[in-house]
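The structure appears right after this line, and notes come after that.
Numbering (the numbering used here), first residue to last: 1 to 88.
This is the structure in structure tokens:
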């Protein structure tokens, strides 16, 4: 029930701007004087990604641009491949 509610978030001018229009991104935004936030779970081809961005003292247009870029890269980049280890 909570996931469904977060998938229906009406404010989509931050992390989700960098994702495809049909992306599944359950998130919650927040802001107050001089702060802009977005946090949620994106379902990608590489699995679930948890994204949390909290800003303070950043102008709204700059915060939104940063979040758009972070949302894009978090959505499109594959998960890192763990390097094989032969020891500790």
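No residue lacks a Cβ here, since even glycine has one placed at the ideal position from N, Cα and C.
Here the structure is a predicted model, which is why all the values come from computation and not from measurement.
So for residue 30, helix, strand or coil by DSSP? strand
Quick check: residue 48 and residue 42, are their CB atoms within less than 9 Å of each other? yes
Residue from 30, 2, 22 with nearest C-alpha to residue 11: 30
Can you tell which of 22, 27, 23, 19 has its C-alpha closest to the C-alpha of residue 2? 27
What is the DSSP secondary structure of residue 58, reduced to helix, strand or coil? coil
Among 79, 80, 74, 78, which has the Cα closest to the Cα of residue 14? 74
Inter-residue spacing [alpha-carbon to alpha-carbon] between residue 50 and residue 21: 18 Å
Which residues DSSP lists as bridging residue 52, in chain order: 39
Could you give the distance in angstroms between the alpha-carbon of residue 52 and the alpha-carbon of residue 6? 14 Å
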